[in-house]
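Residues in the sequence shown are numbered from 3 upward in steps of one, following our numbering.
C-beta: ideal position from N, C-alpha, C; glycine also.
Accompanying notes for the structure given below.
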Amino acid sequence: MSETKFTRRKLMQFSPAVPAILRSQPGPELIRVAFVGTGNRGTALLRAMVKVPGVQVVATCDIVQERAENAAKLVSEAGGSARVWTDFRRMLDEQKEIDAVVLATPDYTHKDLDIAILEVGKHLYAEKPLALTPEDCRMVVRAAQQAKGIFQVGFQLRHDPRRNAAMKFIHSGGIGKVLMCHGIRHGGDLPRAIPWYFDRTKCGDIVVDQGIHILDLFTWAIGTHPVRAMASGGTNLFINEPPGRTVMDNYSLIFEYPNGARVNFSHHYFDPPGFTGIRELVFGSEGAVDLAAGAWQPRTKKGLLKLEVRDADKDANYMSLAAFIENIRTGNRKPLNDAESALRATLQAIMATRAIYERRPVSWEEVAGTA
Ligand SMILES: NC(=O)c1ccc[n+]([C@@H]2O[C@H](COP(=O)([O-])OP(=O)(O)OC[C@H]3O[C@@H](n4cnc5c(N)ncnc54)[C@H](O)[C@@H]3O)[C@@H](O)[C@H]2O)c1
């Protein structure tokens, strides 16, 4: 909370533990938030958001009424009160007090819903990916640039305390010139209870929907977008499981960057629990960083050195949402997970997916044009 001074009285107004009567006079910093899409992710974000100081969650919306109601119950349990909606356009039209929206609807809805919410002037925290095609991504970015509100995208790992500290270390030259990033995301299959995850026309397939987080981190570490993607992927184990599945269950990617750096990333769903998990390693001329551990090792010495990590006990979702609220208060239109970085990450994921489907190297220009 750098620029905002919370008086004791204002903090009391915001705290869910304080009786409603004492919270009835909102201070100028109070931000009223609506949640749209309160399924798996929306609920996780809501649990984090009710802990952010100075926030009142005033509305929950889902086309499945029961989910919006369940989310409103979570708000009540945290000491607040939220109106329940099934139509976000009606909600925005009628509940004028809403300052900001957190959007966690399926990927194929992002372009239309992002634009609709930005156009009515609300601040928007929208889940990744930006959209499913380069053209749609650019439409969202244009809407964000023209919007009155702040636009932040769900790349919460940028705010994860360890990864954030690691990235500052890399950008300050701690490991010298970044030469290569090596990542794995190995785990079990996607959640069977969420059918749209298995339909590539709805989620853009698993690079765009899942691998995108790690690609975003690596490209952030390197500092520019890749120029070429080479890739291979497919479905080796979960063939037609669940029935009608069109998304892959494994792939491997190599990206080349204009400064000579390379990214090497593999992702699959065959891992027994806890077998190999997630690794995000960045190698430089002077040493290597383990992003998730917030630690590094000089190239010529043995022994991992812990980086200084602020807020090490805070989780990435909380930090990302707290940053969103702080950006609204301070008018910062350049969040860490802003429209432009989300565009780059989404285009990179689309580029790799195209390389897999078309079995050939794909250049950045082919997906991004001259953008
Ligand atoms: N950043 C992350 O780490 C992370 C993790 C998981 C999911 N996600 C993203 O979050 C989003 C949601 O994923 P999920 O796993 O919660 O899926 P989900 O299917 O569990 O939840 C989506 C919810 O949106 C609702 N919905 C659909 N259209 C709507 C509309 N027009 N108005 C209101 N509600 C609507 C659905 O009924 C559902 O409850 C996706 O974009 C996904 O990529 C991000």
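- In the DSSP assignment, R34 falls within the beta strand (DSSP E) that extends over 33-38.
- Counting C-beta pairs closer than 8 Å gives three or more between the segment 58-68 and the segment 32-41, which meets the contact rule.
- Here DSSP, grouped into helix, strand and coil, assigns T62 to strand.
- Look at F326 here: in three-state DSSP terms it is helix.
- When rounded, the separation of the alpha-carbon atoms in T45 and T135 is 27 Å.
- Separation of V59 and V52 (C-alpha to C-alpha, rounded to the nearest whole angstrom) is 7 Å.
- The alpha helix (DSSP H) runs of length 4 or more contained entirely in the segment 177-260 are, from start to end of the chain, 202-205, 214-224.
- Across the structure, L94 and D116 are spaced so that their CA atoms are roughly 13 Å apart.
- Residue burial is scored here from C-beta neighbours: H125 has at least 16 other C-beta atoms within 10 angstroms and is therefore classed as buried.
- The beta carbons of T248 and D201 sit closer together than 8 Å.
- Distance between E282 and I186, taken at the CA atoms: about 7 Å.
- Per DSSP, the beta bridge partners of A297 are D292, K308.
- Positions of the beta strand (DSSP E) runs, each at least 3 residues long and wholly inside the segment 124-158, are given as 125-128, 153-155 in order along the chain.
- Here K113 really is in contact with V142; their C-beta atoms are around 6 Å apart, less than 8 Å.
- Membership of V122 in any beta strand (DSSP E) is not indicated, and neither H nor E is assigned to it by DSSP.
- Each residue's CA atom was taken as its position, placing M169 and A223 some 6 Å apart.
- With 16 or more other Cβ atoms from the protein chains shown falling within 10 Å of its own Cβ, S343 counts as buried.
- Per DSSP, the beta bridge partners of H269 are R187, Y253.
- Under the criterion of beta carbons closer than 8 Å, I280 and A294 qualify as touching, at roughly 6 Å.
- Where A102 is concerned, the enclosing beta strand (DSSP E) starts and stops at 102-105.
- The Cβ neighbour count for H227, taken over all protein chains shown within 10 Å, is at least 16; the residue is labelled buried.
- Beta-bridge annotation (DSSP): F285 is paired with M182, A290.
- Rounded to whole angstroms, the Cβ separation of L120 and F90 is 13 Å, and the two are not in contact under 8 Å.
- Under DSSP, I280 shares a beta bridge with R187.
- Cβ atoms of V86 and E71 come within 8 Å of each other, at about 5 Å.
- Closer than 7 Å to some heavy atom of ligand 1: that does not describe the Cβ of C183.
- Taking C-beta atoms as the reference points, G151 and G123 count as a pair closer than 8 Å.
- Contact between the segment 351-368 and the segment 203-211 is established, with three or more Cβ pairs separated by less than 8 Å.
- Here S174 carries a coil assignment [DSSP, helix/strand/coil].
- Distances from the CA of L181 to each of D191, V35, N261 were compared; the closest alpha carbon is that of N261.
- Exclusion of R85 from the 7 Å shell around ligand 1 follows from its C-beta lying no nearer than that to any non-hydrogen atom of the ligand.
- Sequence-distant Cβ neighbours of F171 in its own chain, meaning closer than 8 Å and more than five residues away, are I177, V291, W298, L309.
- In the structure shown, V57 falls within a strand segment according to DSSP collapsed to helix, strand and coil.
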